[in-house]
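Q: Heads up, the sequence shown is in our numbering, so the first residue is 257 and it goes up one at a time.
Note that beta-carbon positions come from the ideal geometry of N, C-alpha and C, so glycine has one too.
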Amino acid sequence: MFIFIALLSFQLHGYQNEAKFAILIASVLAGIGGFLLLKLYNRKQKKIV
């Protein structure tokens, strides 16, 4: 969805490519952050039980 909005927002291909790259990096970082958060939470749950 964000890539679609970026394509509508920017006419120059350079800006479109930068927006796509930024969206990709943000998605990867969010995935890694979520994975680490869930892994940390899971580790705490195992110690309690």
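Where does Leu292 sit, in a helix, a strand or coil, going by DSSP?
A: helix
Q: Just how far apart, CA to CA, sit Phe260 and Glu274?
A: 13 Å
Q: To the nearest angstrom, how far is it from the Cα of Ile279 to the Cα of Phe258?
A: Cα-Cα distance, rounded: 7 Å.
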